[in-house]
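Residue numbers (our numbering), protein chains in the order written: chain A, 1 to 240; chain S, 1001 to 1240. Each remark here refers to the structure printed beneath this line.
Protein chains: 2
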Amino acid sequence: MSEPTHETHNQHISQQFNQNLSELRNHFLAMGGLVQRQITDSVDALLNSDTSLAESVAATEKSVDEMERMIDEECTQIIARRQPAASDLRLVISTVKMISDLERIGDEAAKIAKMAIKLSDEGKAPRGYIEVRHISQRVTQMVSGSLDAFARLDANMALEIIREDSSVDAEYGSAIRSLMTFMMEDPRSISQVHNVLWVLRALERIGDHAANVAEYVIFMVKGEDVRHMKIAEAEQLISE
Amino acid sequence: MSEPTHETHNQHISQQFNQNLSELRNHFLAMGGLVQRQITDSVDALLNSDTSLAESVAATEKSVDEMERMIDEECTQIIARRQPAASDLRLVISTVKMISDLERIGDEAAKIAKMAIKLSDEGKAPRGYIEVRHISQRVTQMVSGSLDAFARLDANMALEIIREDSSVDAEYGSAIRSLMTFMMEDPRSISQVHNVLWVLRALERIGDHAANVAEYVIFMVKGEDVRHMKIAEAEQLISE
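So, in structure tokens, the structure goes:
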């Protein structure tokens, strides 16, 4: 066998680097899968008054926190050892940012799970559950869509999520207004309905975090920062 | 004059690097100063029904967004060009994370400013303003304390902020309960008091973000990740 040449050594380094990046991607998607599960579990727990399911969400929260810490450390190691440049560096920096959003999605799901326990203690399904079900389906799809957009590096798919976020915000606003009217008509319901309002708020924030992830996907793919940009401007940029 | 030696060349590089890091610190603190101003302005606008002050907060939001983008880019450049290691890399990565928290503090302040405009249209100062004033003073101090802890790299000061956050959360909880009772007694007030609840919620979240910044300061100084840790564990770690 021949001695390893300088070139094969470089190839080896670059293979290791690609493997590091591909592992990083997989870890990110695994963390995303966990928080997605947390959302569906916490909402199911609420709608079915299933307190033991609600309690399992709190347990998953620890794994999510652990994954965030692990991926943060992984990104720091990749930067320190591999000194990535250009699009590789964008991937690593974006991942550092996106896992904060994933972790916050997990936090919001944990809040919903706590409300599920509270509302189940109070008995009887209150108003607003139809809205919770509907908005939760939409934001869960947004989270899963933003993970898909990340996996496929698909900027158009990411843009779709950002568009969806405005539409969910509008639906959230109208749900809040109808629950407020209901509280005025039946003041005895205030405390219970109020808990449902917090749940809707948590869902709305989950949608915001999914949209943040989508913005970072666009940054990774296009190198363009579309945060704080009007949707039409972002569309223009991406179609270029 | 003598030729520049290899050593003076290295010194020159390292001076430039230190200057980069010190500029980064200053930019971070400047962004922090801006969002701190946004909080006080939005709360003053609310308490004094000052709509023009509330509108100025929206204008500041653009500058904050611009600074976030600029500092993000600055961090990427430092990593790509200077390949920082160890504590320097921790500073850069932590800054990338912390400016997301600062930007979100600005977002919450902007929401308070919007509520200020809404509540001023509805006339008459509603219930809960005493609580808003008090909690806003506490979270403003938390934000300014976390910036000081960053500037001085003071882990104990940062820990103080994290401790303060639990106490603010408790005060927030009791304010919410008293406003709920008030709504039940006077259902006509529901819509107005509800806007005050959102303001309190925004303030509580500002406190959370200040505590996040404090956690990153501890990470920068001690290299220890205290997120998701019980306060007693964090105290133990820092005193070591």
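Cβ atoms here follow ideal geometry from the backbone N, Cα and C, with glycine treated the same way.
Within the region 1190–1207 of chain S, the residues whose Cβ lies closer than 9 Å to some Cβ of chain A are I1190, S1191, H1194, L1197, W1198, R1201, listed in chain order. Taken in chain order, the members of the region 1091–1116 of chain S whose beta-carbon sits within less than 8 Å of a beta-carbon on chain A are I1093, V1096, K1097, S1100. Within the region 76–88 of chain A, the residues whose Cβ lies closer than 7 Å to some Cβ of chain S are T76, I79, A80, Q83, A85, listed in chain order. Boundaries of the alpha helix (DSSP H) harbouring A/V43: 6–47, taken from the DSSP string.
Taken atom to atom, the span from the alpha-carbon of A/I130 to that of A/S178 is near 12 Å. Here DSSP, grouped into helix, strand and coil, assigns A/G207 to helix.
Legend: CB atoms of the region 223–237 of chain A lying less than 9 Å from CB atoms of chain S belong to residues D225, R227, H228. Note on the region 123–202 of chain A: whole alpha helix (DSSP H) runs with a minimum of 4 residues are 129–152, 155–185, in chain order.
In this structure, the CA atom of S/L1021 is about 11 Å from the CA atom of S/S1087.
Note that the C-beta distance between S/A1214 and S/A1149 is below 9 Å. Residue environment for A/D121: exposed (fewer than 16 other C-beta atoms within 10 angstroms of its C-beta). Any Cβ of chain S closer than 9 Å to the Cβ of A/K62 would place that residue at the interface, and such an atom is present. It is roughly 11 Å from the alpha-carbon of A/K230 to the alpha-carbon of A/L159.
In its chain, beyond the 5 residues on either side, D1165 have a beta carbon closer than 7 Å to the beta carbon of S/D1208. Here the alpha carbon of S/V1057 sits roughly 13 Å from the alpha carbon of S/G1033. Residue-level contact by beta carbon fails for A/P126 and chain S, as no gap is shorter than 9 Å.
Closest in C-alpha terms to A/A59, from the list A/K114, A/E171, A/Q16, A/T140, comes A/K114. Counting the other CB atoms within 10 Å of its CB gives A/K62 a total below 16, which places it among the exposed residues.
With a 10 Å radius around the Cβ and a threshold of 16 neighbouring Cβ atoms, A/G145 comes out buried. Counting along the chain, the unbroken alpha helix (DSSP H) around A/A232 starts and ends at 231–239.
Each residue's CA atom was taken as its position, placing S/Q1083 and A/A151 some 28 Å apart.
Just so you know, the alpha carbons of A/D41 and A/I13 end up roughly 42 Å apart. Taking C-alpha positions only, A/D154 is separated from S/H1009 by approximately 44 Å. The beta-carbon distance between S/Q1038 and S/G1128, rounded to whole angstroms, is 21 Å. This is too long to meet the 8 Å contact definition. Exclusion of the five residues before and after S/S1049 leaves S1120 as the residues of its chain whose Cβ lies within less than 6 Å of its Cβ. At least one CB of chain S lies nearer than 9 Å to the CB of A/R188.
Neighbours of A/M180 in chain S, taken as residues at a C-beta separation under 7 Å, are given in chain order as I1190, S1191, H1194. By the C-beta density criterion, A/T181 is exposed, having fewer than 16 other C-beta atoms within 10 angstroms.
For S/H1228 and A/V92, the gap between their C-alpha atoms comes out near 23 Å.
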